[in-house]
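As structure tokens, the structure follows; a few thoughts come after it.
Protein chains: 2
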Amino acid sequence: MPEILCTPIGFVSSPFKERGDAPRQGKLTDEISLITLKEEYLPATLGLDEEKDIFVLCWFDRSERDILQTHPAGDDTKPLKGVFANRSPHRPNPIALTLAEVIRIEENRITVRGLEALDGTPVLDIKPFRAEFDTPNR
Amino acid sequence: MPEILCTPIGFVSSPFKERGDAPRQGKLTDEISLITLKEEYLPATLGLDEEKDIFVLCWFDRSERDILQTHPAGDDTKPLKGVFANRSPHRPNPIALTLAEVIRIEENRITVRGLEALDGTPVLDIKPFRAEFDTPNR
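Residue numbers (my numbering), protein chains in the order written: chain U, 1 to 138; chain A, 139 to 276.
Structure, rendered in structure tokens:
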């Protein structure tokens with residue numbers, strides 16, 4: 001098995017500077033964040049201006065990777081759940097999945113609403129939301 | 139910037155053996171796949187049996203990482219789009235996001251419907267679907 005080595009496609013600039021500053025999920029904030037892509041990935045944004053809702057996959061570099069169970073929503077009164085059964089930022093591969101709203105795109109700078117990432121967080125991928133694939137059939 | 143090194147939490151066993159075998163998206167198949175987690179991650183599945191729909195994040199190790207624009211759905215008659223504006227398996231970090239249906243969980247083996255991953259694909263993360271976070275407000 002070769003190593004799985006990710007490369008940041010860009011970085012987040014956000015008002016959340018430290019772990020305690022960020023909301024639990026992006027949907028719980030109206031704050032604006034900026035994703036600055038590396039210039040070399042500009043061709044990969046062709047058509048992105050037609051999208052309103054995008055999944056942003058970030059690498060939560062300030063998360064813990066060896067925590068396997070947490071209390072949902074950080075609420076100690078709730079029973080422990082495995083991190084694959086909740087949305088904890090702490091997980092073996094701290095890849096955060098956040099549906100954000102595109103506000104503006106200017107070249108390699110994508111302004112979004114609803115990202116909970118800390119300032120400086122590496123971005124791994126951007127995908128357009130597709131209701132037909134991303135919501136249950138039922 | 140330290141290296142971003144992911145570790146597979148497990149692997150997919152699926153009927154899709156080669157690139158041409160797999161459907162374009164998991165929702166386009168009723169085929170059953172098996173995710174076998176590494177034993178060490180068993181504690182991270184606590185409560186997963188309560189979930190019906192899970193996002194499976196796979197590392198598409200047979201994708202191309204230097205393709206930045208593709209024709210949507212592999213249809214040459216459609217204009218090129220950047221890979222951040224479509225759901226191509228080819229992207230700088232080939233992390234696939236698929237909403238799959240949990241059929242059965244037996245210890246570290248998770249049987250799901252609707253995964254398009256090739257046989258042997260590494261799995262990076264599993265997250266429960268949460269409509270309040272994973273669908274647009276509008």
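Ideal Cβ positions, reconstructed from N, Cα and C, are used throughout, including at glycine.
Would you kindly work out how many angstroms separate the C-alpha atoms of residue i and residue j, rounded to a whole number?
i	j	result
L80 (chain U)	L68 (chain U)	10 Å
T167 (chain A)	L195 (chain A)	17 Å
K52 (chain U)	N275 (chain A)	11 Å
F100 (chain U)	Q25 (chain U)	Here the sequence assigns Ala to residue 100 (chain U), which means Phe is not the residue at that position. Roughly 11 Å between the two C-alpha positions.
D21 (chain U)	G120 (chain U)	14 Å
T215 (chain A)	H228 (chain A)	19 Å
F55 (chain U)	R225 (chain A)	11 Å
T208 (chain A)	D75 (chain U)	44 Å
L172 (chain A)	P146 (chain A)	15 Å
P94 (chain U)	E141 (chain A)	14 Å
T273 (chain A)	V240 (chain A)	20 Å
P122 (chain U)	P260 (chain A)	22 Å
K17 (chain U)	A269 (chain A)	28 Å
Looking at the secondary structure, which residues open and close the alpha helix (DSSP H) in which residue i lies?
i	result
A131 (chain U)	131-134
Would you kindly report the start and end of the unbroken beta strand (DSSP E) that includes residue i?
i	result
F11 (chain U)	10-13
L5 (chain U)	4-6
I192 (chain A)	191-197
S171 (chain A)	170-175
T100 (chain U)	According to the sequence shown, residue 100 (chain U) is Ala rather than Thr. Per DSSP, A100 (chain U) belongs to the beta strand (DSSP E) from 95-106.
V112 (chain U)	109-113
L262 (chain A)	260-266
Can you find a C-beta in chain U that's less than 8 Å from the C-beta of residue i?
i	result
L186 (chain A)	yes
P161 (chain A)	no
A255 (chain A)	no
R268 (chain A)	yes
R229 (chain A)	yes
I147 (chain A)	yes
V221 (chain A)	yes
R225 (chain A)	yes
C144 (chain A)	yes
Leaving out five residues on either side along the sequence, give the residues of the same chain with a beta carbon under 6 Å from the beta carbon of residue i.
i	result
P161 (chain A)	T167, E254
P153 (chain A)	E169
A234 (chain A)	C196, F198
L124 (chain U)	C6, L57, W59
Output needed for residue i: all residues of its chain with C-beta closer than 8 Å, excluding positions within five of it in sequence on either side, in chain order.
i	result
N108 (chain U)	G10, T36, L37, K38, E39, Y41, L42, T45
R157 (chain A)	R200, L256
Determine, using beta carbons only, whether residue i comes closer than 8 Å to chain A.
i	result
A73 (chain U)	no
T135 (chain U)	yes
I95 (chain U)	yes
I126 (chain U)	yes
I35 (chain U)	no
Looking only at C-alpha atoms, which of the options sits nearest to residue i?
i	options	result
R113 (chain U)	U:I95, U:P122, U:F84, U:E31	U:E31
P210 (chain A)	U:W59, U:L34, U:K127, U:P89	U:K127
A85 (chain U)	A:I248, A:G220, A:F222	A:I248
F133 (chain U)	A:K165, A:G185, A:V221	A:K165
G82 (chain U)	A:G220, A:V240, A:G185, A:I241	A:G185
Counting only the same chain and skipping the five closest in sequence on each side, list residues whose C-beta sits under 7 Å from that of residue i.
i	result
P92 (chain U)	R65
F267 (chain A)	D191, I192, F193, L237
D187 (chain A)	I243
S151 (chain A)	S171, L172, T174, D257
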